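To start, the structure itself, in structure tokens.
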Amino acid sequence: MHKNPQLNKHGELQHLLTIDGLPAATLRHILDTAESFLNIAEREVRKVPLLRGKAIFNLFFEPSTRTRTTFEIAAKKLSADVINLNIGTSSQSKGETLLDTVNNLSAMQADMFIVRHSESGAAHLIARHVEPHIHVVNAGDGRHAHPTQALLDMFTIRHYKQDLTRLRVAIVGDMLHSRVARSQIHALTTLGVPEVRMIGPKTLIPTCAERMGVQVYHDMEKGLKDVDVIIMLRLQNERMRGALLPSAQEYFKYYGLTAEKLALACPDAIVMHPGPMNRGVEIESSVADGVQSVILSQVTFGIAVRMAVMSILMGSEGEQ
Amino acid sequence: MQLPEIDALILEMARQIKPHLTAESALVGIHTGGAWVAEKLSELFGMPLPFGTLDISFYRDDFSRIGLHPQVKPSHIPFEVEDRHIILVDDVLNTGRTIRAAMNELFDYGRPASIRLAVLVDRGGRELPIAAQIVGAHLKLAATQNIQLNRDESGRLSLSLHEKKD
């Protein structure tokens, strides 16, 4: 039997590395737990003592202010101690290997690593290597996966649409370079969304897309027809190698979400974006700020979802 | 062992609570059984009381041993806790650890004027200096026994006894 490196022998989630291969029940458990963390924000004391005395290390080998901050807020709301390390600027540039860095930090009594890395598989490598009591969360690795982003997107969709098993969801943009899209597709199909569409130019949609169970559209107007959820992806300028696109203006003309194109979707369709947005490139400002946009709710929900992930992992028994 | 009838216990609890009710009182039930009992109690008072529920999963003292409870429900306190006279309701009082956790959580909502503890059954076995002011029934149970509150589809409550698994 294929062993999922994220689960311990009791089937509990020990690391969160990818959505791929996780059972629907595990995803639902995370989303349900996040519901309970949501209203902590409305209390006098906006934190719980659950992870008091635990040390969570944010290991960011690739810069990301927003993701790192939401993980930091989530950890602090659980009363954990948070240590932020911007590795790109320190030991790695002095020649230390990834595992040497991790060994050093483990010796500083870490309980959890939140890992962001430009290489696919970095979080898996760390998870295989750490001692059994240490948990690893993948906060984005290369083009591979960004599971907490996908989970907060599922939380957002469930919040506004309740029943996921009757939805049409369109993901628009650069799927080729997007770890977010990959994780979203796994999460949507695992949770029983019957129709997932991928809309984008041929050069930005991988040939394997249809094998992942999505319907591919190159014409955005056709692809948006009657969808309940529109997820815009960011145009990944920094990941673009070679001439995959003529220009940002040209891209906006064909694949930018405008009010006219949004009108083709269901009237109550929601618009999502993982951020940071390129206004005027993949999304028109009036749509990003419009009544159908739930982009800022995604950020708020992201904190509750990351609190759920951290507390579920930290409560699972390490594999001996 | 003959288990007491729930309706009589809840009436007895309501009788003990009534003299303490003021305009600043509120009922808070602990998930899941305590919330059921608090719901029944609230129907017995002549006045509508502010009503809340607590899930103490994020305040338990055994998290590092057994992890997060598999089914956490959101706590819901739709009123100001500050200066409120809280009647905290649970189904079974045993070690007192749940009550400690519940009080810690309540204080994160504000500083109540007072907290009174009301339980359906006090089965003894305290491990913390905690006592209930309002008790439906005192039962003497063997340490190997568990008493559990159940609710059927029609909303009827009943008690059942089980042998502890380990």
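Here the protein sequences line up with chains A and B, keeping their order. Following our numbering, the numbering of the first sequence begins with 189 at its first residue and continues without gaps. Following our numbering, the numbering of the second sequence begins with 128 at its first residue and continues without gaps. The beta-carbon is built from N, C-alpha and C at its ideal position, and this holds for glycine as well. Since the structure is predicted, the reported quantities are computational estimates derived from the model, not experimental observations.
Between the C-alpha atoms of residue 285 of chain B and residue 263 of chain B, what's the straight-line distance to the nearest angstrom? Stepping through the second sequence from its first residue, residue 285 of chain B is reached at position 158. Stepping through the second sequence from its first residue, residue 263 of chain B is reached at position 136. Residue 285 of chain B and residue 263 of chain B: Cα-Cα distance of roughly 14 Å.
Beta-carbon within less than 7 Å of residue 315 of chain A's beta-carbon, same chain only, minus the 5 sequence neighbours each way: which residues are those? Sequence index remark: in the first sequence, residue 315 of chain A carries index 127 (1-based). Excluding positions up to five away in sequence, the list reads 193, 203, 205, 324.
Residues near residue 297 of chain A by beta carbon distance below 8 Å, same chain, minus five either side: In the first sequence, the residue the question calls residue 297 of chain A occupies position 109. Result list for residue 297 of chain A: 243, in chain order.
In three-state DSSP terms, what is residue 289 of chain B? Numbered from 1 along the second sequence, position 162 holds the residue referred to as residue 289 of chain B. In the structure shown, residue 289 of chain B sits in a strand (DSSP, three-state: E or B).
Would residue 226 of chain A pass as a contact of residue 267 of chain A if the rule is Cβ separation under 8 Å? What you label residue 226 of chain A is simply residue 38 of the first sequence in a count that begins at 1. What you label residue 267 of chain A is simply residue 79 of the first sequence in a count that begins at 1. No, the pair does not count as a contact, with Cβ atoms beyond the cut-off.
Which residues does DSSP list as the beta-bridge partners of residue 183 of chain B? In the second sequence, the residue the question calls residue 183 of chain B occupies position 56. Note: residue 183 of chain B sits in no beta bridge, so no partner.
Residue 178 of chain B (DSSP reduced to helix, strand or coil): For the purposes of this step, residue 178 of chain B is taken as the residue at position 51 of the second sequence. Residue 178 of chain B: strand per DSSP, three-state reduction.
Establish whether the CB of residue 200 of chain B and some CB of chain A are separated by less than 8 Å. The residue given as residue 200 of chain B occupies position 73 in the second sequence. Closer than 8 Å to some Cβ of chain A, the Cβ of residue 200 of chain B qualifies, so yes.
Going along the chain, which residues of its own chain have a beta-carbon closer than 7 Å to the beta-carbon of residue 504 of chain A, five neighbours each way excluded? For the purposes of this step, residue 504 of chain A is taken as residue 316 along the first sequence, with counting starting at 1. Here the set comprises 196, 200, 201, 202.
Under 9 Å, CB to CB, which of the residues in the segment 170-181 of chain B have a partner in chain A? none
Measure the Cβ-Cβ separation of residue 500 of chain A and residue 480 of chain A and say whether it is below 8 Å. What you label residue 500 of chain A is simply residue 312 of the first sequence in a count that begins at 1. What you label residue 480 of chain A is simply residue 292 of the first sequence in a count that begins at 1. Going by C-beta atoms, residue 500 of chain A is not nearer than 8 Å to residue 480 of chain A.
Between the alpha carbons of residue 389 of chain A and residue 361 of chain A, how many angstroms are there, rounded? Indexing the first sequence from 1 puts residue 389 of chain A at position 201. Indexing the first sequence from 1 puts residue 361 of chain A at position 173. For residue 389 of chain A and residue 361 of chain A, the distance between alpha carbons rounds to 8 Å.
Going straight from the alpha carbon of residue 416 of chain A to that of residue 355 of chain A, what length do you get? In the first sequence, residue 416 of chain A corresponds to position 228, counting from 1. In the first sequence, residue 355 of chain A corresponds to position 167, counting from 1. Cα to Cα, residue 416 of chain A sits roughly 6 Å from residue 355 of chain A.
Positions along the segment 215-247 of chain B whose CB lies within less than 9 Å of some CB in chain A: 231, 232, 234, 235, 236, 237, 238
Could you check whether residue 228 of chain B and residue 244 of chain B sit closer than 8 Å to each other, using their CB atoms as the reference points? The sequence position of residue 244 of chain B within the second sequence is 117, counting from 1. The sequence position of residue 228 of chain B within the second sequence is 101, counting from 1. Not a contact, by the Cβ cut-off of 8 Å.
I'd like the list of long-range same chain contacts for residue 461 of chain A, defined as Cβ closer than 6 Å, with 5 residues on each side in sequence excluded. Taking the first sequence and counting its residues from 1, one reaches residue 461 of chain A at position 273. The answer, listed in chain order, is 420, 483.
If you count every other CB in all the chains shown that lies within 10 Å of the CB of residue 351 of chain A, and 16 or more means buried, which is it? On the first sequence, position 163 is the one that residue 351 of chain A refers to. Its Cβ having fewer than 16 others within 10 Å, residue 351 of chain A is exposed.
By Cβ distance below 6 Å, which residues in the same chain neighbour residue 265 of chain B in space, the five residues on each side in sequence not counted? One-based indexing of the second sequence puts residue 265 of chain B at position 138. 249.
Report buried or exposed for residue 508 of chain A, applying the criterion of at least 16 other Cβ atoms within 10 angstroms of its Cβ. Within the first sequence, the letter at position 320 stands for residue 508 of chain A. Model confidence at residue 508 of chain A stands at a pLDDT of 47, short of 50, so the residue's coordinates are unreliable; what they give is reported in the following sentence. With fewer than 16 Cβ atoms within 10 Å of its Cβ, residue 508 of chain A is classed as exposed.
Within its chain, find whatever has a CB closer than 7 Å to the CB of residue 446 of chain A; leave out the 5 residues flanking it on each side and keep chain order. Position 258 of the first sequence holds residue 446 of chain A. Counting only Cβ-Cβ distances below 7 Å, and skipping sequence neighbours, we find 472, 475.
Positions along the segment 194-224 of chain A whose CB lies within less than 8 Å of some CB in chain B: 200, 217, 220, 221, 223, 224
Closest to residue 205 of chain B by CA distance: which of B/226, B/180, B/151, B/187 is it? As a first step, residue 205 of chain B must be located in the second sequence, where it is residue number 78. Selected option, being the one with the closest Cα: B/180.
Hey, out of B/216, B/278, B/282, whose CA is closest to residue 143 of chain B's CA? Looking up residue 143 of chain B in the second sequence gives position 16. Residue B/216 is the option with its Cα nearest to residue 143 of chain B.
DSSP three-state call for residue 207 of chain A: helix, strand or coil? Residue 207 of chain A sits at position 19 when you count from the first residue of the first sequence. Residue state, collapsed to three classes: coil.
Going by the beta-carbon positions, is the gap between residue 213 of chain B and residue 241 of chain B smaller than 8 Å? Within the second sequence, numbered from 1, the residue matching residue 213 of chain B stands at position 86. Within the second sequence, numbered from 1, the residue matching residue 241 of chain B stands at position 114. In contact: residue 213 of chain B and residue 241 of chain B (Cβ atoms closer than 8 Å).
Of the choices A/263, A/394, A/448, A/467, whose alpha-carbon is the least far from that of residue 366 of chain A? The sequence position of residue 366 of chain A within the first sequence is 178, counting from 1. The shortest C-alpha separation from residue 366 of chain A is found at A/394.
Residue 156 of chain B burial status per 10 Å Cβ neighbour count (16 or more: buried): Here residue 156 of chain B refers to the residue found at position 29 of the second sequence. The residue is buried, with at least 16 neighbouring Cβ atoms inside 10 Å.
Closer than 7 Å at the beta carbon, the chain B residues around residue 238 of chain A: The sequence position of residue 238 of chain A within the first sequence is 50, counting from 1. The answer, in chain order, is 185, 190.
Along the segment 305-331 of chain A, where does the CB come closer than 8 Å to a CB of chain B? Name the residues. none
Quick check on DSSP: helix, strand or coil for residue 470 of chain A? For the purposes of this step, residue 470 of chain A is taken as the residue at position 282 of the first sequence. DSSP places residue 470 of chain A in coil when its eight states are reduced to three.
Would you identify the three-state DSSP class for residue 134 of chain B, choosing helix, strand or coil? As a position in the second sequence, residue 134 of chain B is number 7, starting the count at 1. In the structure shown, residue 134 of chain B sits in a helix (DSSP, three-state: H, G or I).
Using 8 Å as the threshold, is the C-beta distance between residue 259 of chain A and residue 301 of chain A below it? Start at 1 with the first residue of the first sequence, and residue 259 of chain A comes out as number 71. Start at 1 with the first residue of the first sequence, and residue 301 of chain A comes out as number 113. No, they are not a contact pair.
Whose Cβ in chain B lies nearer than 9 Å to the Cβ of residue 270 of chain A? Here residue 270 of chain A corresponds to residue number 82 of the first sequence, with the count starting at 1. Simply none; closest approach about 18 Å.
Residues of its chain near residue 189 of chain A, where Cβ-Cβ distance is below 8 Å and the 5 sequence neighbours each way are ignored: Residue mapping note: residue 189 of chain A aligns to position 1 of the first sequence, counting from 1. Confidence at residue 189 of chain A is low in this model, with a pLDDT of 43, below 50, so the placement of that residue should be treated as unreliable; the coordinate-derived value is given next. Correct list: empty, nothing qualifies.
Find out if the Cβ-Cβ distance for the pair residue 219 of chain A, residue 370 of chain A is shorter than 8 Å. Locating residue 219 of chain A in the first sequence gives position 31, counting from the first residue. Locating residue 370 of chain A in the first sequence gives position 182, counting from the first residue. For residue 219 of chain A and residue 370 of chain A, no; Cβs fall outside 8 Å.
From the beta carbon of residue 256 of chain B, is the nearest beta carbon of chain A less than 8 Å away? Along the second sequence, read from residue 1 onward, the residue named residue 256 of chain B stands at position 129. With 8 Å as the cut-off, residue 256 of chain B does not count as an interface residue toward chain A.
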